[in-house]
Each structure stands twice: as C-alpha cells, then as structure tokens.
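These notes are about the structure you will find just below.
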Amino acid sequence: MEIRPMEWTDYQKVYALWLSCPGMGLNNLDDSLEGIGRFLQRNPETCFVAVEGESIAGCILAGTDGRRAYIYHTAVHPEFRRRGIGRQLVERLLAALRKIGIHKAALVAFSRNQAGNTFWEKMGFTVRSDLTYRNRALTELRRIDT
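The working numbering puts the first residue of the sequence shown at 478, with every later residue one more than the last.
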C-alpha cells in the first residue's frame, strides 16, 4: 500500500469510497468534482490517499487557515479496514501539518458515527464540550448522508 498526495484524477474513486462508508456527510456542491478540485488546489500538501493496486483504500482531506488545520472526509473502505490504513493516513497528515507550521488540528464527526468517533478518540482527538458548533449555508445544498 502507498500513501500519496491526492490528485484531482482520484476524485471518482475517492467519491465512491466515501459512498461506501456509513456515517459520511456529503453534499452536492462542496463534494462535487469542482468543489474537491478547488479544495485540492488550495491544499495540495494536506490531502492524501492510500492506494492498494488499482484501488483507493482510504483518504484524508485537510485544509488550513494558516493557524489551524481542519480535517474532512477521512475514510477507509470497509474491505480495507483493521489494517492501520486510517492511522497511517492521519500520521502522514499530521507530519505534513507540522512541516508547514500548523500546531493544532480540528475536525467534526457526526454524533451518530460511532465507528468514526471511536477511531478519532484512539488517535488522540478529544471532544470539546466548551464549544457550540454553528454553520450557515450560503447556497442551498443537497445533503448526501451515507
């Protein structure tokens, strides 16, 4: 298995991976080919895929604002789980973040995504009970929950 930077041409396989993973929260705009293309263009050093043969076994996307990193859409295909791929993706990302001078990373996981939350706890990410998460859609989005 190889972990390498995600490329725009990986999109179709990565999107299929996301759809195979229960607990993902996608939408029709941000997670479209164009939306992910823009994200990769802004964050070329912090998005990775795990490749085994012709398959994308896992991926992790992260972006920064220059101070903090935000992790999105971390997934390992169900057929490739329990092999340490998720851990390797996170470790590769954290090393990349340190290299560019980022000192803290955050993420949002759906409360209903028990497997995802268990994984993030094992990776050392803690729950912040002192925050209230808020958002506001600027455009109507069609949710695609897996």
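All residues carry an ideal CB built from backbone N, CA and C; glycine is no exception.
Since this is a predicted model, take the numbers as computed values, not measurements.
Going by other Cβ atoms of all chains shown within 10 Å of its Cβ, with 16 needed for buried, is residue i buried or exposed?
i: residue 520; result: buried
i: residue 622; result: exposed
i: residue 445; result: The chain is shown from 478 up to 623; residue 445 falls before or after that span and cannot be answered.
i: residue 493; result: exposed
i: residue 574; result: buried
i: residue 604; result: exposed
i: residue 583; result: exposed
i: residue 595; result: exposed
i: residue 551; result: buried
Rounded to whole angstroms, what's the CA-CA distance from residue i to residue j? Just pull it up for me.
i: residue 513; j: residue 590; result: 23 angstroms
i: residue 562; j: residue 495; result: 15 angstroms
i: residue 517; j: residue 572; result: 18 angstroms
i: residue 537; j: residue 481; result: 11 angstroms
i: residue 593; j: residue 585; result: 10 angstroms
i: residue 487; j: residue 547; result: 21 angstroms
i: residue 611; j: residue 558; result: 32 angstroms
i: residue 507; j: residue 549; result: 11 angstroms
i: residue 489; j: residue 539; result: 18 angstroms
i: residue 491; j: residue 555; result: 13 angstroms
i: residue 534; j: residue 553; result: 6 angstroms
In the DSSP output, what is residue i paired with across the bridge?
i: residue 525; result: 482, 537
i: residue 547; result: 540, 583
i: residue 532; result: 529
i: residue 620; result: 504
Okay, do the stretch 561-580 and the stretch 525-539 touch, 3+ Cβ pairs below 8 angstroms being the bar?
yes
Taking contact to mean 3 or more Cβ pairs, one atom from each stretch, closer than 8 angstroms, check whether the stretch 599-618 and the stretch 489-503 are in contact.
no
Pick out the complete beta strand (DSSP E) segments inside the stretch 494-519, 3 residues or longer, and give them in chain order.
502-504
Counting beta carbon pairs with one atom in the stretch 534-547 and one in the stretch 572-587, are three or more of them shorter than 8 angstroms?
yes
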